[in-house]
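Its first residue numbered 133, the sequence shown is counted upward by one per residue in my numbering.
Built from N, CA and C at the ideal position, the CB exists for glycine as well.
Data first, discussion second: the structure below is written as structure tokens.
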Amino acid sequence: MPIDFAIIAGSEAHRLIKNGSFPVTKKLGRIPTPFGRSSPIFQSRTASRHGYLILCRHGDRGYQIAAPFVNYRANLYALKKLGVRQIIAWSGPGALRKKYRIGRLVLPDDLIDETKKREDTFFKNTGLGFVRQHPVFCRDLTGHLKKVLRASRTGFSAGGTYVCTEGPRLETPAEIKKFLTFGGDLVGMTLAPEVFLAKELEICYTALCYVTNYAEGIGSKKKSFQPGVLFEGLLGAPDKRRLNKTLNGFSGIFNQIVESIDRAAGQKKSCHCQKYLERYRKSGMIKGDWRKYIKL
């Protein structure tokens with residue numbers, strides 16, 4: 133039976149899988165697609181035995197592949213191939229504003245794409261892909277997230293603009309100032325082109341972010357360079373403890389989200405995510421199985 137829901141997991145996924153926070157029932161590995169092999173995928177389940185998939189965006193043995201080199205098209209294609217119709221992606225951006233505490237959960241509702249070299253469409257050299265980007269993230273899935281977080285009394289911030297940069301380097305102070313003038317709230321490297329590709333595959337997609345650090349020039353004091361530690365000094369020891377506490381709570385949050393989505397199965401959706409290509413179907417530009425028009 134195809135599994136409807138997947139998590140696209142960030143850089144600490146391998147640790148949470150290894151320590152059993154996300155119980156693995158089956159390792160599916162790197163799925164072959166027309167765009168290459170996906171990142172490693174695992175099958176897991178909740179305490180009530182509802183199945184879901186976990187895709188380890190950066191690898192399953194550590195931070196093996198940085199954000200600009202992730203094969204986003206292969207990842208989204210593989211999840212669609214496995215039957216996924218809903219995705220929640222986690223990302224650990226830096227904060228552009230002091231109002232966000234380290235470890236704070238944020239549900240962004242907008243995005244600025246500052247990437248430069250990534251393959252961001254399945255429809256190269258075609259007349260397809262003219263897809264609206266408002267709302268950027270699926271309102272239904274975001275609603276499930278809010279409901280679960282409120283019920284569990286987990287603090288979070290709703291809304292905010294995520295600026296996605298190319299990487300793998302961090303941003304310059306001048307770039308951070310530029311992003312602030314754009315109205316950015318968070319800066320990370322992973323949500324684009326994931327969300328755009330999900331729309332082209334008519335998959336519901338939303339993001340759960342946790343603040344990992346303050347960006348260059350943001351914060352109460354100048355941060356000195358500390359060789360050999362995470363972010364080279366952008367993250368202090370108390371901040372790291374808060375961050376780990378947030379990450380260690382992820383399995384419980386996702387367990388509740390999967391069960392919330394399962395309880396809502398069969399209810400009418402308010403989002404339009406699974407109808408983004410309807411105009412092309414009506415015009416006859418696409419028809420039949422999605423694999424026929426999602427190809428190189």
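- Using a 10 angstroms sphere on the CB of Gly259, the tally of other CB atoms stays under 16, which defines it as exposed.
- Between Lys249 and Phe201, the alpha-carbon positions lie close to 10 Å from each other.
- In the displayed model, Pro305 falls within a helix according to three-state DSSP.
- If the five residues before and after Gln196 are omitted, its C-beta is found closer than 8 Å to the C-beta atoms of His190, all from its own chain and listed in chain order.
- In the DSSP annotation of this structure, the continuous segment of the alpha helix (DSSP H) that includes Thr378 starts and ends at 369-380.
- If the five residues before and after Ala339 are omitted, its C-beta is found closer than 8 Å to the C-beta atoms of Ile220, Ala221, Trp222, Ser223, Leu239, Pro240, Phe269, Tyr294, Leu323, Val327, all from its own chain and listed in chain order.
- Apart from the 5 residues on each side of it in sequence, Leu237 sits with its Cβ closer than 6 Å to the Cβ of Phe288, Tyr342 in its chain, given in chain order.
- In the same chain as Lys212, and ignoring 5 residues on each side of it, the C-beta atoms closer than 6 Å to its own belong to Leu333, in chain order.
- By the neighbour-count definition (other C-beta atoms within 10 Å, threshold 16), Lys400 is an exposed residue.
- Of Lys231, Leu302, Lys427, Lys256, the smallest CA-CA separation from Glu246 is found for Leu302.
- Restricting attention to Ala347, Gln358, Ala330, Arg181, the CA atom closest to the CA of Leu409 is found in Ala330.
- The Cβ atoms of Thr344 and Leu375 lie closer than 8 Å to each other.
- As the crow flies, the alpha-carbon of Asn203 is around 26 Å from that of Ala227.
- Pairing Cys403 with Gln358, the inter-Cα distance amounts to about 46 Å.
- Within the segment 198-242, the runs of beta strand (DSSP E) that reach at least 3 residues and sit entirely inside it are, in chain order, 218-223, 237-239.
- Its Cα nearest to that of Glu144, the residue Leu379 stands out among Phe386, Ser284, Gln406, Leu379.
- Inter-residue distance for Ala283 and Ser415 is about 44 Å (C-alpha atoms, whole angstroms).
- Inter-residue distance for Thr165 and Lys424 is about 13 Å (C-alpha atoms, whole angstroms).
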